[in-house]
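Everything on this sheet refers to the single structure shown next.
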Amino acid sequence: MKQRFLLGAVGALLCLGAAHAADKPVRFILVGDSTMASNSGYGEAFCARVNRAHTCINLAKGGRSSSSFRAEGRWDEVQGLLKGSAAYRATYVLIQFGHNDQPGKPGRSTDLKTEFPVNMARYVDEVKALNGLPVLVTPLTRRSFKEGVLENTLVPWADAIRATAKEKQVPLLDLNADSYAAVQAMGEAQADTFAVAPKPASAPVATGTGVEPQGAAKSAFDYTHLGAKGAKYFAAMVEGELKTAIPALAAEFKPEGE
Numbered sequence: 000m001k002q003r004f005l006l007g008a009v010g011a012l013l014c015l016g017a018a019h020a021a022d023k024p025v026r027f028i029l030v031g032d033s034t035m036a037s038n039s040g041y042g043e044a045f046c047a048r049v050n051r052a053h054t055c056i057n058l059a060k061g062g063r064s065s066s067s068f069r070a071e072g073r074w075d076e077v078q079g080l081l082k083g084s085a086a087y088r089a090t091y092v093l094i095q096f097g098h099n100d101q102p103g104k105p106g107r108s109t110d111l112k113t114e115f116p117v118n119m120a121r122y123v124d125e126v127k128a129l130n131g132l133p134v135l136v137t138p139l140t141r142r143s144f145k146e147g148v149l150e151n152t153l154v155p156w157a158d159a160i161r162a163t164a165k166e167k168q169v170p171l172l173d174l175n176a177d178s179y180a181a182v183q184a185m186g187e188a189q190a191d192t193f194a195v196a197p198k199p200a201s202a203p204v205a206t207g208t209g210v211e212p213q214g215a216a217k218s219a220f221d222y223t224h225l226g227a228k229g230a231k232y233f234a235a236m237v238e239g240e241l242k243t244a245i246p247a248l249a250a251e252f253k254p255e256g257e
């Protein structure tokens, strides 16, 4: 009788512990450049879609690369958050770089062969070491058309991220491929409405390789940064990609239409 009572008590405690763990929220941390950052990217709109928005932390910052994000100490903040993960059922870290790793950006550019893949792999390893769950994201397409065809100078960086995700066996959100296909299909006129401000009569020529400043965009209209409409559109795309890659996360987002 005493043994049955003890076994029953242990079972009850285990069930209570499991229920308590299930009550803990899932946390998302966003790491990247201005195309993910608040006020210029999709990150804020993505966090607004999470059931418990306060558990989504957007640490993306304009003008940062896979190198400068760490060099400035911003990755230290991510690691600090991961060390305090006991209150969460799981912490997913979405990592997206590439725009500012391209050549021509002093203090930010990284070598595509010898530095960029190493940087991305190191982020993955360090998230895992702190019991976080890394998710790699290929860079959002620029919306630069040439004679009706969307340019995509970010393909080599997207390919490097795809290779890293495969090597490290972590989830991949192929935002570059999906956003490129969507923007090409909608055409230049609609794509221009995704910018921070309406396209002026004397808009800058779309080159697809413009240097992104450290912080806010050079002008209210460009072919890289996002206003509210663009942010909402691509946040929904990232949410869909995440649900596909990790189906268990579907319940962490608000129902469609909310």
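First residue of the sequence shown? That's 0 in numbering that gives the first Met the number 0, and the numbers climb one at a time after it.
Each residue gets a CB set at the ideal place from its N, CA and C atoms; glycine is no exception.
Given the structure is predicted, the values throughout are model-derived calculations rather than measurements.
Length of the line joining the Cα atoms of residue i and residue j
i, j, result
"residue 76", "residue 146", "44 Å"
"residue 143", "residue 154", "14 Å"
"residue 125", "residue 49", "25 Å"
"residue 200", "residue 226", "18 Å"
"residue 95", "residue 35", "8 Å"
"residue 230", "residue 185", "16 Å"
"residue 242", "residue 248", "6 Å"
"residue 12", "residue 90", "Interpretation of residue 12 is limited by its pLDDT of 41, a score under 50 that renders its predicted location unreliable; no figure is taken from the coordinates."
"residue 104", "residue 78", "26 Å"
"residue 44", "residue 118", "27 Å"
"residue 251", "residue 88", "12 Å"
"residue 228", "residue 21", "35 Å"
DSSP beta-bridge partners of residue i
i, result
"residue 144", "149"
"residue 36", "Answer is none; residue 36 lacks a bridge partner."
"residue 172", "136"
Backbone secondary structure at residue i - three-state DSSP
i, result
"residue 232", "helix"
"residue 57", "strand"
"residue 239", "helix"
"residue 12", "Confidence at residue 12 is low in this model, with a pLDDT of 41, below 50, so the placement of that residue is unreliable and no value is reported for it."
"residue 252", "strand"
"residue 189", "helix"
"residue 111", "coil"
"residue 215", "Note that residue 215 scores 47 on pLDDT, short of 50, meaning its location in the model is unreliable; the coordinates nonetheless yield the value given after this. Note: residue 215 maps to coil in three-state DSSP."
"residue 95", "strand"
"residue 89", "strand"
Run of the beta strand (DSSP E) containing residue i, from where it starts to where it stops
i, result
"residue 154", "Taken as a continuous stretch (DSSP letters only), residue 154 belongs to no beta strand (DSSP E), being part of the alpha helix (DSSP H) at 154-167."
"residue 133", "132-136"
"residue 26", "25-31"
Continuous alpha helix (DSSP H) stretch holding residue i: start and end
i, result
"residue 77", "73-82"
message = Counting beta carbon pairs with one atom in the stretch 152-170 and one in the stretch 130-141, are three or more of them shorter than 8 Å?
response = yes
ask   = Is it a yes or a no for the stretch 56-76 touching the stretch 97-104, going by three-plus beta-carbon pairs under 8 Å?
value = yes
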